[in-house]
Structure formats: C-alpha cells, structure tokens
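What follows is one structure encoded as structure tokens, with my remarks underneath.
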Amino acid sequence: MQQTVEEIIVPIFPRIGAKAPEFEAQTTHGQLKLSDYRGSWLVLFSHPADFTPVCTTEFIAFSEIAMELKKRNTDLLGLSIDSVYSHIAWVRNIEETFDVKIPFPVIADLDKRVASAYGMIMPGESKTETSRCVYVIDPDGIIRAMIYYPLTTGRNVQEIVRLIDALQTTDKHRVATPANWKPGEAVILPPPVTQEMAEERMENAGRDCAAWYFCKRTIGKN
Ligand code: BEZ
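Under my numbering, the residues of the sequence shown are numbered 10 to 231, in order.
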C-alpha cells in the first residue's frame with residue numbers, strides 16, 4: 010500500500026519543556042496570537058467537532074472552571090477544525106439549550122495550521138478531527154504538560170485545575186507533588202542526587218522522610 014506524504018514525513022511535535030509553537034489564528038473573540046498570553050498561564054485544548062454531544066459536555070465543564078482558572082492567572086483557549094461561523098452557532102446553541110455562556114475564545118483552525126503544529130490530529134483515530142488534547146503553557150511560553158484523550162472519552166476538567174495547582178506549587182516552592190495530590194496536602198522534596206545529600210537528608214529531615222529518597226513536607230495552601 011502506498012504511503013501518503015503525511016505518513017512518510019515524520020512530524021516533530023512539541024514536547025514538555027519545549028517552546029510552544031507561535032500562532033496567529035481567527036477565533037470567536039477575534040484574531041489572537043499565542044504571544045498575547047505572555048505573562049499568563051494558558052490551557053490550549055482541542056475538541057473533535059462542534060455540535061457533538063461529548064464536546065458539548067466538555068465545553069460546559071470548561072466554562073464551569075473558567076473562573077477557578079482565572080484566579081490562578083490561567084486562560085482557556087479552545088480549538089477545532091471548524092469555521093468561526095460554526096463555533097459561533099454552537100456556542101449560541103449551548104447558551105440557548107443549556108443556559109451556559111462559553112466565556113473563552115475558540116480557534117477556527119480550518120486550514121489545520123495550529124492543530125498540525127501541536128500534533129493535535131491523530132491520523133490513526135481521525136484524519137479530519139482533532140483528538141481531545143490539552144497543552145498547559147506557562148507565562149514564558151513553555152509547554153509544561155500535555156494530556157491526550159481519544160474522541161470517545163470526555164476529559165475530567167478538575168484534573169486540569171489540579172494540574173495547574175501542582176505546576177504553580179512546583180514553581181513557587183521547588184518541590185514535586187505526589188499521586189492524587191491536592192492543595193494543602195504534603196509535597197515531595199526532589200530526591201537527593203549524591204550520597205552526601207542522601208545522608209544529610211536522613212539526618213536532618215526527621216520523621217518526614219520514610220527513606221533517603223522519599224521525603225515530604227507541608228507548605229499550606231497556595
Ligand atoms: C462527541 O463529542 O460526542 C464525539 C465526537 C467525535 C467522536 C465521538 C463523539
């Protein structure tokens with residue numbers, strides 16, 4: 010079977026720790042650039058298509074966390090391979106049908122330029138729709154986290170709020186966060202990288218260390 014050009018050329022997609030690809034795009038709030046978000050955290054997320062049920066539940070869920078994110082200096086920006094007219098009609102329909110206002114802009118990525126730069130299209134799943142991708146971009150424009158979900162599974166938006174809390178806590182206190190961590194719970198000290206540091210950690214850390222590589226501390230809520 011002959012391969013298509015897209016299949017032969019191995020695309021290089023963004024990775025955690027890399028600069029997020031710059032873009033300028035038409036959105037439901039007018040023309041926007043990634044650099045407009047410099048100084049704020051950004052949750053850039055794609056959905057497969059307008060006027061589909063799982064995406065509708067996600068848009069309602071994202072609108073419900075928009076204020077929580079704002080308190081964390083974090084903006085939301087949606088995207089799909091649909092026209093701005095389709096986005097406008099869908100957002101209006103969500104308001105009429107579910108009484109929910111969508112407060113964030115949505116990119117109309119008809120030429121797939123942004124979706125291609127970020128690797129939002131998973132050809133094994135669909136060549137014409139973006140999968141459910143989330144990119145957390147920090148105030149310096151660095152990709153700090155990526156989440157990918159398939160077409161058929163709606164995302165858990167509270168996990169996105171938790172992820173922002175964890176990243177901001179890491180930046181502020183130079184710590185890591187354990188499984189299922191929530192603000193207010195103990196955080197993890199990055200493991201020591203020399204034998205001397207390991208011994209010092211065990212001598213000084215007292216009962217907060219279960220082992221030389223496993224030390225926690227409390228920092229209180231952000
Ligand atoms: C949905 O949003 O309902 C949906 C979109 C694409 C494939 C399956 C479900």
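Each residue gets a CB set at the ideal place from its N, CA and C atoms; glycine is no exception.
Three-state class that DSSP yields for ARG171 in the structure shown: helix
Can you give me the start and stop residues for the alpha helix (DSSP H) that LEU78 sits inside? 62-79
LEU160 CB to nearest heavy atom of the ligand BEZ below 7 Å: yes
Within the same chain, show all residues whose beta-carbon is closer than 6 Å to that of GLU77, passing over the 5 residues directly before and after it, in chain order. VAL170
Between TYR158 and ARG141, is the Cβ-Cβ spacing less than 8 Å? yes
For ILE197, name the three-state secondary structure that DSSP assigns. strand
Starting from ARG122 and walking both ways along the beta strand (DSSP E), at which residues does that stretch end? It is not in any beta strand (DSSP E) - ARG122 instead sits in the alpha helix (DSSP H) that spans 122-127.
Same chain only: Cβ atoms within 8 Å of ARG47, ignoring 5 sequence neighbours per side: PRO148, ASP149 and GLY150
At a threshold of 7 Å, does GLU138 count as lining the ligand BEZ (C-beta to nearest heavy atom)? yes
I'd like to confirm something about THR61: is its beta-carbon nearer than 7 Å to some heavy atom of the ligand BEZ, or not? yes
Please classify ASN231: does DSSP put it in a helix, a strand, or coil? Low per-residue confidence applies at ASN231: pLDDT is 49, beneath 50, and the placement is therefore not dependable, though the value from the model is reported in the following sentence. Three-state result, ASN231: coil.
Inter-residue CB distance, PHE107 and ILE69 (contact presumed, cutoff 8 Å): 6 Å
Which class does THR36 belong to by DSSP, given the choice of helix, strand or coil? strand
Going straight from the alpha carbon of ASP45 to that of PRO114, what length do you get? 13 Å
Go ahead and label ILE25 buried or exposed: buried means 16 or more other beta carbons lie within 10 angstroms of its beta carbon, across all protein chains shown. exposed
Can you tell me which of the three DSSP states ARG226 falls into? strand
Contact between the segment 220-228 and the segment 187-199: three or more CB pairs below 8 Å? yes
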